[in-house]
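The block underneath contains the structure these notes are about, expressed in C-alpha cells.
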Amino acid sequence: MSALLPILTLATSLLAAGVIFMLPETSKTTRTAVNLVAALGKLGLATVMIIGVAEGKTYEATLTLLPGLQLILRVDALALLFLALSAFLWLLTTIYAISYLGDGPNLSRFFGFFSLCVAATTGVALSGSLITFFVFYELLTLSTWPLVVHKGDGASLAAGRRYLIYTMSGSAVLLAGILLLEGGLGPIEFARHGSLAAGDPGVLTGAFVLMVAGLGVKAALVPLHGWLPSAMVAPAPVSALLHAVAVVKAGAFGIIRVVYDVYGVALVNELGVGLPLAIVASVTIVYGSLRALQQHDIKRRLAYSTVSQVAYIVLGTGLFGPYATIGGVVHLVHQGLMKITLFFCAGALAERIGATRIEHLDGAGRRMPLTMAAFSVAALGMIGVPPLAGFVSKWYLGIGGLQAGQHWVLAVLAVSSLLNAAYFLPLLHRAWFVAPPADARPAVASREGPAWLIGPGLVTAAAVVAAGVFAGMPFSPLGWSTLIVTRNYAP
Amino acid sequence: MPAIFADLVAPAVPWAAISVVLPLAAALIAALLGRHAHRLAIPTALAGLAVAALATTQVARHGVIEIAVGGWKPPLGIALRLDGLGCAFLLVIALVSAGVMLFARAGFGAAPDGSETRRGYVFWPLLFCTIGGLAAIAVSGDLFNLYVGLELLTVTAVALVGLDGKPAALAAAIRYLLFALLGSLLYLLGTAILYLVHGTLDIRLLAGAASTDGATLTAVALMTAGLMAKAALFPLHGWLPPAHASAPAPASALLSALVVKGPFIIMLRLWFEIAPAIATPFVAQGLGALGAAGILIGSLLALRQHRLKLVIAYSTVAQLGYLLLVFPLAGGSGEQQPWTAGAWTGIIFHAMSHALAKSAMFLAAGAMVEAIGDDQIERLDGIGQHLPIATFAFGLAAVSLMGLPPSGGFTGKYLLLSAAFASGQWWWAVVMIGGGLLAAGYLFRPLSHLLAERHQPGDLVVVARSRQTIALGLAALSILLGLLSLGPYQLLQIGRPGAAAEGLS
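Quick look at the structure:
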C-alpha cells in the first residue's frame, strides 16, 4: 500500500494524458469526463496521503534504473504541500480551460499535454532524489512547450522558442550541477538536514551555483526571467499553469529541495551561499515590481508581478531561520492561489468584454462584478492586506528576516508592498470607481459568463480569504508549512 | 513447456549462426519471389525478433556463447562469439529492421496493376542482405568474419542509397562507395598485417598476443582509419548526409540507425578487446577531440539545413561523434560511482537508443514526405494535425536524441557525464551538454513547423495510421530503454572486456 499510493497519484494524470491523446477531436464529453475524473482522483489521493503523513506514515516507490541509481517517489510533508496545491489548482484550471477553449482546434492535443504537465509536476513534488527531480523537471519543460505554442501563430511560436531557449539552457546547467556533485559523491537522495557528507568546498559551491542558476530560470529569478512575460501570448489557462500550478513553482520548489534536503542549512551556512541567494531574490522582488508598474497590458503586468512574488519563496529559503522558512514555504501555496485567481479573472475579462489593457478596465466592476470582486481580493492579497493570504506570508518573512539578523529584509518587503499597491490599486480604482466609456463594447451576453469560466476564480478567491483567516488551523497552508518546518528543518 | 524452453536456449543451440543465416535465406527467397517479395516482411520480422530474443536469453543464462563453425576451434577454425554487446546489437537490429520491413511493405510492393517494379524487386534482397551483414558483425569472433560482414553491409547499403536512380541519389551512392572502398582497403591491410605478425585473426587469441610493437600499432591505426570512414566519423563524414538523405525513407532509417554502427562495434572490439595497451592518453584524447568536432560541426550544419531529411542525416553525424568519447572517458569511474565501466556501457546505451530513435525519426519523416510530396521544412506547417501519430513519434524520438530523460539517450548521457566529472575531464561534459542544446535547436525547428497553423495551399496525401504507428513504436522503445535500463545494463556486462572498466592505458 505504501508504494501504491504515490504511483497511483502519478498515474492519474499520466493515464489521463495517454487516453486523451488517443481521443478523436470530436469526443468532447469523454474528454471532459476523463479530465475531471483524473483531477478528482488525484485530489482524493492527495487527501488520503495528507492524513497519512500527518499520522507519521511514509509512502515510497522506487524503480531501479542502473545499479545504485533509482527513480524514487517519496511522499514527505513538503512534497504533499506542492502536490495538494497542484492537484487542487489542476481541477479548477481544467474546468476553466474546458469553458475557455470551447470548441477550438487541437483540443485533444492541448488537454493531453496539459495532463502530462500535471503528471510532471506531481513527479517534481514527489521526487526523492536529484535525478528523479531532474527527470520530471525536464518532462515539465517538454510538456509545457506545446501548450505555449498552442495557437500556432507567429507570436506563439516565437514565445515558444524563447521559452525553450531559456528553460532548456537552464536544465542543461542544472544537469551539469547535479552531475558535478554526483560525479564525486555518487547518486544523491533528498534527506533531512541534507545528504552530503564531505566534499571539496569548491566543487560543492560550484554545484550549488549551477543548480540554483538552472532552477532559477524556471523560478524566473532576475536576470533569468525573460521567458515569462513573453509566454503571455499563450491562452489564459496556460498562463495559470505557468504562473501558479506548475512551472515557476517547480523552480522555486527545486531551490527549497537543494537548500534544505541536499545541502542542508549547516553546509549552506558554511559555504556562505545563502545570503547571496537572498540578495538575488530581493533584487528580483524589487525589479519585478518596478517592471510590472511599467506594463499596460494586464497579463504582462501580472507576469512581472509573478517574477516578483515567486522570489519571496526564494527569499524565505535563503534567509533560514524557522519563520523565514515557513514564510517562504507557505508562499508557495499562497502565491499560487492569488496568482491563479488573477489569471482566471484576466482571461474572463478578455473573453467577455475584451479587456486586455489597463485602460479597458474602466467600469469593469459594474459589467462583471463577480469576476472583479475575485480579482480585487487576490490583488489586495498580493499587496499584503490583512487578513488575506499574502499578508500571512509577508508577516512570517518579515519576522524571519529579523530573526536572521537581516533587517534590510523589512525594507525590501515594505518597498515591494508599496510597489504592489502602486501597480494593483489603479486597476481596482478603474474597475470600481470609473464609469465605463460611452462607446463600451456591449457584453457578449447579459450574464457575466458561463459558470465554468467564472466559478474557478471565485473558488480560488475564497481560498485566498480562507488561507488568511483560518491560517491558525492545523491543515491550513500555514499550519502545514509549520509542520514541515518543525518536523524537518528545525535544528 | 519450461523444459522445452530450457532446451531451446541451451548453449549448444547455434542461435548466433541462425541470426545470420535467417536474413540471408530471406534474401535468397526474396530474389526468387520477385513481385511477391514484400510478403516476406512480416514472417522475417517476427522470426528475426524471436531469434534475437532467444539468443539474448541464451547469453543471459549461460554467459558468453562460443560456437566453433564446422567443429574446428580457433586458430584453425572460425569462431562465432556472442557476448552482451553482441546481443544488444542483435536485439536492436531485430527491432529496427522489423519496423523498417513493416513500414516498407506499402512502398515496395508490386505496382498498382500487379506488375513487378524494379524498386520493389531490388529492395527486399538488398534489405535482407544488409541485415545479414549487420548480424554477422554482431556475432563474429574474428577479424576476417567481421571483414566479410562489413563488405556485405557496404555493398548492399550503397545499392540502397542509389535505389531511386535519380542523379542526386546516384552521385551520393558513388561518393559513399568511394569512402567505403577506401575504408575496406585500409581495414583489410591492417588485418593482413595482424595476421602476418600474430598468425591468427581470432579476437580472443589476438588479445593475448597483441603488444605495443610497431606492426600492431600500424595495423590498428590503419583499421581505425578505415572503420572511421565507414562509420562516417569526423573528419570522414562528408559522404553521409547526401547518402542518407537521398535514400528512400525505410532505407535511410536502416542506414542511419545501424549500418554506421557496425564499423563502430568493430572499433570497440579492436581497441578494448584486442589492443587496449597501445592506446596512449594522446590517442584517447585525440579520438575524443575528433568526436567532439563531429558533435559540434554536425549539429551546426544540421541547424542550417532546409530539408528535413538532411537535418536528420546531419544529426546522425553529430550523434556518432559521441561514440568516440568512449576513448578518453572509459575507465573514468569515480570511487563513489556504483557502476564500473560507466562510459563504455553509456556509449552502447547511446548507440542503441540512437538506433531506435533515428529509425523512428526517418520513418516519421518518410510519412511526412509522402504527405506533402517533398521534405522542405518550411512546408511542414500544420502537418501535426494531419499526421498526429508521426508527429508524436518525431517528438519522442527527438527527446531521446537530445538526451533528455526519461530515454535511453539520457541513460547513456548520464553515464558518460558522470564518468567525465568523476575523472575530472569536465571539458567532455561541456561538449556533451552543448551538443544536447544544439540538438534541441535543430530538432525543435521542424517540430515548431509541425505544430504551426497551415497556410500552404495544396492537398495532403493520406498516410495510413498503422504505418505512422510503426515510427511511434520505435520511438517509444527508445524512451523505454531509459526507463527499463537495468536489464540492458546487466546484459551489457556479460563478457565485457576488462579495459572497459580500467580504461585505455
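In order, the protein sequence lines correspond to chains Z and Y.
Mapped onto this note's numbering, the consecutive letters of the first sequence carry residue numbers 1389 to 1879.
Mapped onto this note's numbering, the consecutive letters of the second sequence carry residue numbers 454 to 958.
For each residue, glycine too, the CB sits at the ideal point set by N, CA and C.
{"Query": "Euclidean distance between Cα positions of residue 1460 of chain Z and residue 755 of chain Y", "Result": "37 Å"}
{"Query": "Selected residue, minimal CA-CA separation from residue 1637 of chain Z, among Z:1697, Z:1517, Z:1596", "Result": "Z:1697"}
{"Query": "Chain Z within 7 Å of residue 734 of chain Y, Cβ atoms only", "Result": "no"}
{"Query": "Complete alpha helix (DSSP H) runs within the region 668–729 of chain Y (minimum length 4 residues, chain order)", "Result": "693–699, 702–707, 714–721"}
{"Query": "Residue 622 of chain Y (DSSP reduced to helix, strand or coil)", "Result": "helix"}
{"Query": "Proximal residues of chain Y, C-beta to C-beta of residue 1557 of chain Z below 8 Å", "Result": "890"}
{"Query": "Near-chain Z residues of the region 783–809 of chain Y - C-beta to any C-beta below 7 Å", "Result": "787, 789, 790, 791, 792"}
{"Query": "Three-way DSSP call (helix, strand, coil) for residue 1452 of chain Z in this model", "Result": "strand"}
{"Query": "Distance between beta carbons of residue 1677 of chain Z and residue 1815 of chain Z, contact taken as under 8 Å", "Result": "Not really, about 14 Å apart at Cβ, beyond 8 Å."}
{"Query": "Extent of the continuous alpha helix (DSSP H) run through residue 1438 of chain Z", "Result": "1416–1442"}
{"Query": "Simplified DSSP assignment, three categories, for residue 949 of chain Y", "Result": "coil"}
{"Query": "Partner residues on chain Y for residue 1422 of chain Z, Cβ-Cβ distance less than 8 Å", "Result": "Under the 8 Å cutoff, chain Y gives no residues; its nearest Cβ is about 18 Å from residue 1422 of chain Z."}
{"Query": "CA-to-CA distance, residue 1438 of chain Z to residue 1876 of chain Z, given in whole angstroms", "Result": "16 Å"}
{"Query": "Test: residue 627 of chain Y CB closer than 7 Å to a CB of chain Z", "Result": "no"}
{"Query": "Residues that residue 574 of chain Y contacts on chain Z, provided the C-beta gap is smaller than 9 Å", "Result": "None at all; the shortest Cβ gap to chain Z is about 38 Å."}
{"Query": "Rounded C-alpha distance that separates residue 526 of chain Y from residue 802 of chain Y", "Result": "32 Å"}
{"Query": "Per DSSP, cross-strand counterpart(s) of residue 1459 of chain Z", "Result": "Z:1451"}
{"Query": "Below-7 Å beta-carbon distance, residue 905 of chain Y vs any chain Z residue", "Result": "yes"}
{"Query": "Inter-residue Cα distance where the pair is residue 737 of chain Y and residue 1780 of chain Z", "Result": "60 Å"}
{"Query": "Cβ distance (whole Å) where residue 1508 of chain Z is taken to contact residue 1475 of chain Z below 8 Å", "Result": "No, residue 1508 of chain Z and residue 1475 of chain Z are not in contact; Cβ-Cβ is about 13 Å, not under 8 Å."}
{"Query": "Assumed close pair residue 950 of chain Y, residue 725 of chain Y - CB separation to whole angstroms, cut-off 8 Å", "Result": "4 Å"}
{"Query": "Integer-rounded CB distance, given that residue 1810 of chain Z should sit under 8 Å from residue 1681 of chain Z", "Result": "6 Å"}
{"Query": "Residue 1522 of chain Z: contacting residues in chain Y (beta-carbon distance under 8 Å)", "Result": "858"}
{"Query": "Inter-residue CB distance, residue 1846 of chain Z and residue 1767 of chain Z (contact presumed, cutoff 8 Å)", "Result": "Contact doesn't hold; Cβ gap of about 15 Å is too wide."}
{"Query": "Reference residue 1612 of chain Z, options Z:1692, Z:1407, Z:1774, closest by Cα", "Result": "Z:1692"}
{"Query": "Cα-Cα separation between residue 835 of chain Y and residue 1501 of chain Z, rounded to whole angstroms", "Result": "17 Å"}
{"Query": "7 Å Cβ cutoff, residue 1536 of chain Z in contact with chain Y", "Result": "no"}
{"Query": "Assigned secondary structure, residue 957 of chain Y (DSSP; H/G/I helix, E/B strand, else coil)", "Result": "coil"}
{"Query": "Residue environment, residue 1464 of chain Z, which counts as buried when at least 16 other CB atoms sit within 10 Å", "Result": "buried"}
{"Query": "Beta strand (DSSP E) segments (min. 3 residues) lying fully within the region 1783–1819 of chain Z", "Result": "none"}
{"Query": "Residues that DSSP places opposite residue 450 of chain Y in a beta bridge", "Result": "In the structure as shown, chain Y starts at 454 and stops at 958, and residue 450 of chain Y therefore has no counterpart that could be examined."}
{"Query": "Bridge partner(s) assigned by DSSP for residue 593 of chain Y", "Result": "Y:533"}
{"Query": "Near-chain Z residues of the region 933–952 of chain Y - C-beta to any C-beta below 9 Å", "Result": "935, 936, 937, 938, 939, 942, 943"}
{"Query": "Candidates Y:777, Y:926, Y:861, Y:706: closest to residue 819 of chain Y by CA position", "Result": "Y:706"}
{"Query": "Proximity below 7 Å, CB of residue 793 of chain Y to CB of residue 954 of chain Y", "Result": "yes"}
{"Query": "Nearest-angstrom Cα separation, counted from residue 1537 of chain Z out to residue 1795 of chain Z", "Result": "44 Å"}
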